[in-house]
Amino acid sequence: MGRQLLLAKKDVEGIRYFDTYRREGGYRSVEKALKTMSPDAVTEEVKKSGLRGRGGAGFPAGMKWSFLAKPEGVPRHLVVNADESEPGTFKDRYLMEYIPHSLIEGMVVSSFALGSNVSYIYIRGEYAWIVEILEQAIQEAKNNGFLGKNILGSGFDCEIYVQRGAGAYICGEETALIESLEGKRGNPRIKPPFPAIKGVWDRPTVVNNVETIAAVVPVINEGGEEYAKIGVGKSTGTKLISACGNINNPGVFEIDMTISVEEFIYSDEYCGGIKNNKRLKACIPGGSSVPILPANLLLKTAKGESRLMNYESLADGGFATGTSMGSGGFIVLDEDQCVVKHTYTLARFYRHESCGQCSPCREGTGWMEKLLLRFENGMGKMSDIDLLWDIQRRIEGNTICPLGDAAAWPVAAAIRHFRDEFEWHVTNAAEATTRNYGLAHYAEPLSVVA
Ligand SMILES: Cc1cc2nc3c(=O)[nH]c(=O)nc-3n(C[C@H](O)[C@H](O)[C@H](O)COP(=O)(O)O)c2cc1C
Ligand code: SF4
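Under the numbering used here, read the sequence shown as residues 622 to 1071, first letter to last.
What follows is the structure, encoded as structure tokens:
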């Protein structure tokens, strides 16, 4: 098991509560930052750490913080994105449910750095029970002087409020989230201006993912340079991965980003191999929006190198032969799974979640869903494959927010890597309607992982 920075204490009994969390070394980063550092020095450490946003895009957190406008007399806000609606992604839930103080601690330090006296957690509505856990953690932190007025006598005030969403995936997009937080319908805003200039209530705002903010705690405790030594290249620190699908050990794992995809799938420390000794067919490694990869390209890059569980290696080859780390929602498909059916399920989700503001997304997601259903129903034509390709191409890059891209990429990757499976649905129409289907894209493990 590699370094554990976020989940090291997960099995300590009572770690959910302040007293235990504090006894185990919790809130040290608040003491360090508020008593010995300036806000700019905290930002500098985050920059040095190379910490990248864990919500999906992987944008460097310190750089985002340094873009925050600081007009005189205008309040600024930190907003934590706990919407976590991306299919296959459930790591933030784990962190908030089991170690809620790690988020609150990270928020106090980050709010200090950003000058946010009122910070928010925007959480997906379905996580109702976690709202209670967070509210309790906030109250405990306040009772112990780590939140509220004049924290630890530093003169810094900070309040944290939890806001529940109403179950819309689009409210995870940062500007839709801001609209929703303001009490409006969660429609994404046109950018620029970016939230760093005009965010909540038109005030400068930083939106960061739950895991990003929790990772600020080890960054401050260890120092940015030490944190940057963990991992490889621009993939510094540790990353939470939620693994699901046809594997023996589904769950949330903290990895350091030097391990190979093969080790992650087959090692008993992580996924424990493919269920029922089936063969690996494909994987979506970063939540439903990132391109699916067939097993051969998943385990090795097109250059023949072993693929690693980090930002650069997963993206190696671009979308032609690579994919993306995304939100770390690792979905594994065994040899019995049907990629067409799977892609249809995703298309249905994106059609349902499109906010409808832009026509390529509003209309295109519906068209893609209908065409994929046609294949599933044994009514697809060979020309429909090219039509499907054309539709996704017209969506990508032509919309207000990246939900359009997120809907297009899974379809593009499915056609790119599994075209023969679409063709099979046309030539074997009757069978296509009655059984799951798997073509020979599977791969054996490259080596035996101890
Ligand atoms: C449709 C859509 C849904 C998103 N959902 C989430 C989400 O649930 N959680 C999240 O942190 N980021 C989500 N994002 C990314 C956010 O817009 C934003 O980039 C992120 O919260 C920034 O945090 P980070 O820099 O710490 O990653 C989503 C983006 C899109 C386009
Ligand atoms: S891309 Fe889709 S979800 Fe995003 S603003 Fe346009 S219609 Fe709405």
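Quick reminder that beta carbons are idealized off the backbone N, C-alpha and C, glycines included.
The beta-carbon separation of P814 and V695, rounded to 14 Å, does not stay under the 8 Å limit for a contact. Sequence-distant partners of C976 (beyond 5 residues in either direction) whose C-beta falls short of 6 Å from its own C-beta, in its chain, are I791 and N808. Using a cutoff of 8 Å, the CB of C982 counts as near ligand 2, since one of the ligand's heavy atoms is closer than that. G709 sits in coil when the DSSP states are folded into three classes, being neither helix nor strand.
Remark: three or more beta-carbon pairs, one from each stretch, lie closer than 8 Å, so the stretch 831-843 and the stretch 724-733 are flagged as touching. S737 carries a strand assignment under DSSP once its states are collapsed to helix, strand and coil.
Of the residues assessed, M930 falls on the buried side of the cut-off, its CB having 16 or more other CB atoms within 10 angstroms. With a threshold of 8 Å, the Cβ atom of P809 counts as near ligand 2, since some heavy atom of the ligand is closer than that. Apart from the 5 residues on each side of it in sequence, G866 sits with its Cβ closer than 7 Å to the Cβ of I952, V953 and L954 in its chain, given in chain order. Apart from sequence neighbours up to five positions away, the residues of its chain that approach K685 with a beta-carbon distance below 8 Å are G674, A817, V827 and N829, ordered along the chain.
Between I913 and L901, the gap from beta carbon to beta carbon reaches 9 Å or more. Distances taken from the Cβ of E795 to the heavy atoms of ligand 2 include none shorter than 8 Å. Between the alpha carbons of I725 and E761 lies a gap of roughly 10 Å. Between K924 and G947, the CB-CB gap reaches or exceeds 9 Å. One thing to note: I876 has its Cβ no nearer than 9 Å to the Cβ of L699. A Cβ-Cβ separation of about 18 Å leaves V831 out of contact with E780 under the 8 Å criterion. For ligand 2, a non-hydrogen atom lies closer than 8 Å to the CB of I791.
Going by C-alpha positions, S659 is about 19 Å away from G671. Runs of the beta strand (DSSP E) lying entirely within the stretch 770-796 and spanning at least 3 residues, in chain order: 780-785. Within 10 angstroms of the beta-carbon of Y782 lie fewer than 16 other beta-carbons, which makes it exposed.
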